[in-house]
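Notes follow once the structure below has been shown.
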Amino acid sequence: MTDLIKIENNKDYGLVVSSRVVAEQLGKRHDNVMRDLEGILTTSDLRGLIIHSEYKGGNGQMRKEYFLTKDGFILYMFNIQGHNDFKLAYINKFNEMEKQLKELYVPKSLPEALRAYADAVEEKEKQKLLAIEKQKTIDMLVHENKLYTTTEIAKEMGFKSAIALNIELGERKIQFKANGTWVLYSKYSDLGYVSIKQNVLDTGKIVYDRKWTGEGRKFLLEMFQIAA
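Numbering (UniProt numbering), first residue to last: 1 to 228.
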């Protein structure tokens, strides 16, 4: 089927297929195909998709035909029953040729070249920003789901140790020490900043393992005005 596909790159209209080719390959009379196309044109202004043209017949006389763009071809084929393989083969070929022409496009003037360059730069920048946003989203999801020790947070924030950070947070009235464990003040305790896990040692003693959540990490970084 692909060997029979006859799509031309018309200098005025781009990629088109002649109504004569469509008629021949569908086994229809050309005048019947043109009648159907003219019926479509009477109901809608689709002259940019189904384009009137002429060709020289065998007797030297000029005869009427129509050029169908990809959208014009699809519109016509949707108005007739069957021929699904024919439809699909032509649509795929249109798509393939459009891709090839896009890859081979060479600007014909300085303004076109500048526009093409600007479009390429814009597209590259757009893809770059999309990649950055994607990475930010991934990082955010990782941080939201990860738990951090005070030592990890202290190191990230430039403190010498977890002890130094805990003391600083105590002085800022973020937390206080109770029974040897740092506890957030009530103002911050219900905001999901920490995750506390209770562990029972072999001796029977209960200890509490406190870690900062992603939201807690974000809170601390913002409080100290450190970029995440």
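Here a beta-carbon is modelled for each residue, glycine too, at the ideal position from N, C-alpha and C.
- The three-state reading of DSSP puts residue 46 in coil, since its state is none of H, G, I, E or B.
- Taking 9 Å as the cut-off, the Cβ atoms of residue 164 and residue 178 do not count as close.
- If you draw a straight line from the Cα of residue 14 to the Cα of residue 69, it comes to about 8 Å.
- Measuring C-alpha to C-alpha distances from residue 50 to each of 64, 60, 59 and 58 identifies 64 as the nearest.
- Spanning the alpha carbons of residue 45 and residue 71 requires a straight line of approximately 13 Å.
- Counting only unbroken stretches of 4 or more residues, the alpha helix (DSSP H) elements lying wholly within the segment 78 to 105 are 84 to 104, in sequence order.
- For residue 14, the uninterrupted beta strand (DSSP E) run begins and ends at 14 to 18, by DSSP.
- As DSSP reads the structure, residue 195 sits in a beta bridge with 211.
- Assigned with DSSP and collapsed to three states, residue 167 falls in helix.
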